[in-house]
Ligand code: IPE
Ligand code: IPE
Ligand code: MG
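Residue numbers (the working numbering): 989 to 1238.
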């Protein structure tokens, strides 16, 4: 019902063919600090607004029927930041998890966490476990949140898990294929993103989904994440829909 309304309305929405959406969109949530700096605010204020933007965009992705959304919220490299900034981001994560526990069943949104969560506080890990338990009962849009995530770390972790299975005699090295290796990644069972969006103006991957984005269409925009809107998402999807995906063919 809502989808039909959006299909008919809005000039930007008109450029998007909602019947040909990608199944999986990945977004690097970048530009919070610069957004705040431009307003003379502390960087942490940018993270607060950025977390609101995430709520808006994640809800919209669910509304248009996207199957998978994966967002980069905190990298393995982001621990280098000042302690008060890291603490603010972890505080926002806690608030988000508490809200999600209350609303995800009603919204039919599943949450999954990708990354090494062991350095997170016991309280955060307990909230993550509760979200995972609720998600297991749901069927809706799967939103993966990458926390303490690094693409290289994910591949090394997968290689270690595979080596352990080899040592235990469960698998043989010569039987390894790309499809089998994918089962050892954090993203096991999730198709690779067709579209990767990076707001914030930087033209790099910053260690995000290195394996999974092998053939993703890349979309970069100067818009800073706290300013990112549904219309920006439409522009990214429309750009994706205009691309000629050849996968090495002609
Ligand atoms: C992204 O925004 C959020 C995280 C990396 C946690 P930034 O904080 O990197 O914002 P900029 O790039 O400094 O503007
Ligand atoms: C990438 O952004 C990580 C996240 C958005 C979580 P960064 O701001 O950390 O990346 P660099 O430092 O510009 O490469
Ligand atoms: Mg940044």
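Cβ atoms here follow ideal geometry from the backbone N, Cα and C, with glycine treated the same way.
Keep in mind that this is a model prediction, so the values were computed, not measured.
Span of the beta strand (DSSP E), counted from its first residue to its last, around residue i
{"i": "residue 1063", "result": "1056-1063"}
{"i": "residue 1207", "result": "1205-1208"}
Near ligand 2: residue i beta-carbon under 6 Å from a heavy atom
{"i": "residue 1133", "result": "no"}
{"i": "residue 1193", "result": "no"}
{"i": "residue 1017", "result": "yes"}
{"i": "residue 1190", "result": "yes"}
heavy atom of ligand 3 below 6 Å from residue i C-beta
{"i": "residue 1210", "result": "no"}
{"i": "residue 1215", "result": "no"}
For residue i: DSSP bridge partner residues
{"i": "residue 1078", "result": "According to DSSP, residue 1078 bridges with nothing at all."}
{"i": "residue 1013", "result": "1057 and 1183"}
{"i": "residue 1132", "result": "1058 and 1100"}
{"i": "residue 1174", "result": "Paired residue(s): none; residue 1174 is not in a bridge."}
Residue i, buried or exposed, once every other Cβ within 10 Å from all chains shown has been counted against 16
{"i": "residue 1142", "result": "buried"}
{"i": "residue 1097", "result": "buried"}
{"i": "residue 1196", "result": "buried"}
{"i": "residue 1043", "result": "exposed"}
{"i": "residue 1200", "result": "buried"}
{"i": "residue 1232", "result": "exposed"}
{"i": "residue 1144", "result": "exposed"}
{"i": "residue 1108", "result": "buried"}
{"i": "residue 1228", "result": "buried"}
{"i": "residue 992", "result": "At residue 992 the pLDDT is 45, less than 50, meaning the model places this residue with poor confidence; the figure from the coordinates comes in the next sentence. Residue 992 is exposed by the Cβ-count criterion."}
{"i": "residue 1214", "result": "buried"}
{"i": "residue 1220", "result": "buried"}
{"i": "residue 1182", "result": "buried"}
{"i": "residue 1024", "result": "buried"}
{"i": "residue 1157", "result": "exposed"}
{"i": "residue 1147", "result": "exposed"}
{"i": "residue 1202", "result": "exposed"}
{"i": "residue 1205", "result": "buried"}
{"i": "residue 1010", "result": "buried"}
{"i": "residue 1008", "result": "exposed"}
{"i": "residue 1103", "result": "buried"}
Start-to-end residues for the alpha helix (DSSP H) that takes in residue i
{"i": "residue 1108", "result": "No alpha helix (DSSP H) holds residue 1108; DSSP gives it neither H nor E."}
{"i": "residue 1069", "result": "Residue 1069 -> no alpha helix (DSSP H), and no H or E assigned at all."}
{"i": "residue 1023", "result": "1020-1026"}
{"i": "residue 933", "result": "The question about residue 933 has no answer here: the residues shown for the chain are numbered 989 through 1238."}
{"i": "residue 1008", "result": "Here residue 1008 belongs to no alpha helix (DSSP H), and DSSP marks it neither H nor E."}
{"i": "residue 1144", "result": "1139-1155"}
{"i": "residue 1125", "result": "Run containing residue 1125: none; DSSP gives neither H nor E here."}
{"i": "residue 1221", "result": "1218-1230"}
Residue i CB to nearest heavy atom of ligand 1 below 6 Å
{"i": "residue 1022", "result": "yes"}
{"i": "residue 1075", "result": "no"}
{"i": "residue 952", "result": "The structure shown does not extend to residue 952, since the chain is modelled only from 989 through 1238, so no value can be given for it."}
{"i": "residue 1120", "result": "no"}
{"i": "residue 1136", "result": "no"}
{"i": "residue 1066", "result": "yes"}
Three CB pairs or more closer than 8 Å across the segment 1131-1144 and the segment 1055-1066: yes
Three CB pairs or more closer than 8 Å across the segment 1068-1083 and the segment 1117-1126: no
Validate contact between the segment 1035-1042 and the segment 1202-1211 using beta carbons, cut 8 Å, 3 pairs: Contact between the segment 1035-1042 and the segment 1202-1211 is absent, because fewer than three Cβ pairs lie under 8 Å.
Segment contact, 8 Å Cβ cut-off, at least three pairs: the segment 1185-1193 with the segment 1014-1022: yes
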